[in-house]
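To keep things clear, I will list the structure first and then write my remarks on it.
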Amino acid sequence: MRQDLGSVAEQQQLALATYVARDIDGKIISRQVLLDRIAASLPLNLLSQPEALRAWLKERFVYQTLFSSGLYVIGMDGKNLADYPIYPERERTDFSQRDYFKIALSGSSYIGRPRVGIYAKVPILPIAVPIKNANGDVMAVLVGSTILSGHGFLDSLLQSRGDNVATGFMLVSPRDQLFVASSQTQSMLSPLTTPGADPMLDQAMKGFRGVGIAMDDQGVEQVSAMVSVPSAGWLVVSRMPTSIAFATIGRLQHFLIKNATIATSFFMLLACAGLYFVLGHLFRAAECADRMSRGEIPLEPLPVHREDEVGHLISAFNRLLLKLDENQDELKRLAHTDTLTGLPNRVHLSERLPYLLAQARENGSQVGLLFMDLDGFKDINDSMGHEAGDEVLREVAARFNDAVREADTLARIGGDEFILLLSGLGSNAELVAGTVAARCIASLEQPFCLFNKHCRLGVSIGIAISDGANTSDELLLAADRVMYQAKKMGRGRYVTHTLEMG
435 MRQDLGSVAE QQQLALATYV ARDIDGKIIS RQVLLDRIAA SLPLNLLSQP EALRAWLKER
495 FVYQTLFSSG LYVIGMDGKN LADYPIYPER ERTDFSQRDY FKIALSGSSY IGRPRVGIYA
555 KVPILPIAVP IKNANGDVMA VLVGSTILSG HGFLDSLLQS RGDNVATGFM LVSPRDQLFV
615 ASSQTQSMLS PLTTPGADPM LDQAMKGFRG VGIAMDDQGV EQVSAMVSVP SAGWLVVSRM
675 PTSIAFATIG RLQHFLIKNA TIATSFFMLL ACAGLYFVLG HLFRAAECAD RMSRGEIPLE
735 PLPVHREDEV GHLISAFNRL LLKLDENQDE LKRLAHTDTL TGLPNRVHLS ERLPYLLAQA
795 RENGSQVGLL FMDLDGFKDI NDSMGHEAGD EVLREVAARF NDAVREADTL ARIGGDEFIL
855 LLSGLGSNAE LVAGTVAARC IASLEQPFCL FNKHCRLGVS IGIAISDGAN TSDELLLAAD
915 RVMYQAKKMG RGRYVTHTLE MG
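At position 49 of the sequence shown the residue is numbered 483 (my numbering), and the sequence of numbers has no breaks.
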């Protein structure tokens, strides 16, 4: 029973560690992707204009909250060019010897060593990417800093401590030889234990990934699972003391010893039948957990056949799985939705647009992309505050929704920029797109009432039409370019461009 129950406990720990590792890996990758996009869109002329650069960083920080400790740009000499939020100490700091700065100067993005921030005074994770010119030469380094215990990053891992102090998760950086985070907060950013103190951790440092049972550095026998976080080269360790995992066996042994003296033969027969029944339950549970850990079947509750100790253990595991699934579903929804307007966001758009282009190629139809940039929004935002600006954006989203077709996809990609995708267009694509654009422009003719003041907004629209032979980036770039033409023509207008047919 110990072996079989141990198998269930091992697979449970492995499944939990795998989920946590994938969650952390996804969060780090999303931050790397976002930082790369910010660096790619940074106007190089701002590198010589600190105040303008700080304002540019502020706008990205406000609408992209993944870097809770701020964004800052480091010049080629290792000095801070601009940052947001503003920390005066950064201007006096020499970053030339920082690991992430050196690697980024070579042209590669890099996840730095977790450290206690000099300015934030809490453990942070710096991520650096190079800022390059059109020739691929590195001009500066953009750094995004995230508070490790901040909301939406490692807070769920740090708050996962169980009733037993030895239970929980550890996040280890083999490269830096330290504990990045732990359910026991006193271990956060502390050096790794000396070799030999923790056999399972020693094996993990040598490359072992999996699950096993061994004594930890405190002399407690643990069921330990180790899973990699590929994007950062980290390691998630999930642990449960065997005293908890095998508590059922201890109670069963006491029961058998107490009653064996009364009727050995009868209870031995009953025990054998009971063990067969229990073991069948355990085998089925272990098999399901093992297949889930290998990704053969989705994470789903294990069947509970009896309300005994094993059933209670599996029920607790099922409740935890359901909670993790709910959190994962919510994270997926948030990742594709603009939290301010409730519209699809840039991530959703990047998945939807290639699908529509492929559909257009197959059906012989056309796709229209309307790149819409509000006219006059910055004046409202600056004069009346961000609260008024947010209210305007919500109202604009509602008006656009009323103006577009039901089958179209309206998304907000950041700031005051909206994208509208028109699919299934025929030979009259330019006429249909122009009609929709005109409705969007007309929808903003009525003034907006903010704090008993009436304000007016307009919108400039760039329309790009494609038969599906172009890439998503080509279509977005074409629409963006003609949108600026519309602004130069006097704003409140739209300009249409049809890409060359494939």
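Glycine included, every Cβ here is placed at the ideal spot set by N, Cα and C.
For residue 770, the CB contacts under 7 Å within the same chain, skipping 5 residues up- and downstream, are 778, 779, 781, 782 in chain order. According to the DSSP assignment, residue 805 belongs to no alpha helix (DSSP H) but to the beta strand (DSSP E) extending over 800-809. Within the stretch 818-899, the runs of beta strand (DSSP E) at least 3 residues long that lie entirely inside it are, in chain order, 843-848, 851-859, 882-884, 887-889. In the DSSP assignment, residue 576 falls within the beta strand (DSSP E) that extends over 572-581. At least 8 Å separates the beta-carbon of residue 732 from that of residue 667.
Per DSSP, the beta bridge partners of residue 518 are 505. A straight line joining the alpha-carbon of residue 776 with that of residue 639 spans about 44 Å. 8 Å or more divides the Cβ of residue 827 from the Cβ of residue 834.
Rounded to the nearest whole angstrom, the C-alpha separation of residue 630 and residue 563 is 38 Å. Excluding sequence positions up to five before and after residue 691, its CB lies less than 6 Å from no other CB in the same chain.
When secondary structure is reduced to three states using DSSP, residue 655 falls in the strand class.
For the pair residue 859 and residue 475, the Cα-to-Cα distance works out to about 31 Å. The three-state secondary structure of residue 534, taken from DSSP, is helix. By the Cβ rule, the stretch 747-755 does not count as touching the stretch 814-829, because fewer than three pairs are nearer than 8 Å. For the pair residue 530 and residue 677, the Cα-to-Cα distance works out to about 50 Å. Secondary structure at residue 556: coil, using DSSP grouped into helix, strand and coil. Contact between the stretch 566-580 and the stretch 461-480 is present, with at least three C-beta pairs closer than 8 Å.
When DSSP reads this structure, residue 513 sits in a beta bridge with 528. The beta carbons of residue 588 and residue 605 sit closer together than 8 Å. Taking a contact to require three or more Cβ pairs closer than 8 Å, the stretch 479-497 and the stretch 533-549 do not qualify as touching.
Here residue 451 really is in contact with residue 660; their C-beta atoms are around 7 Å apart, less than 8 Å. Secondary structure of residue 500 (DSSP, three-state): coil.
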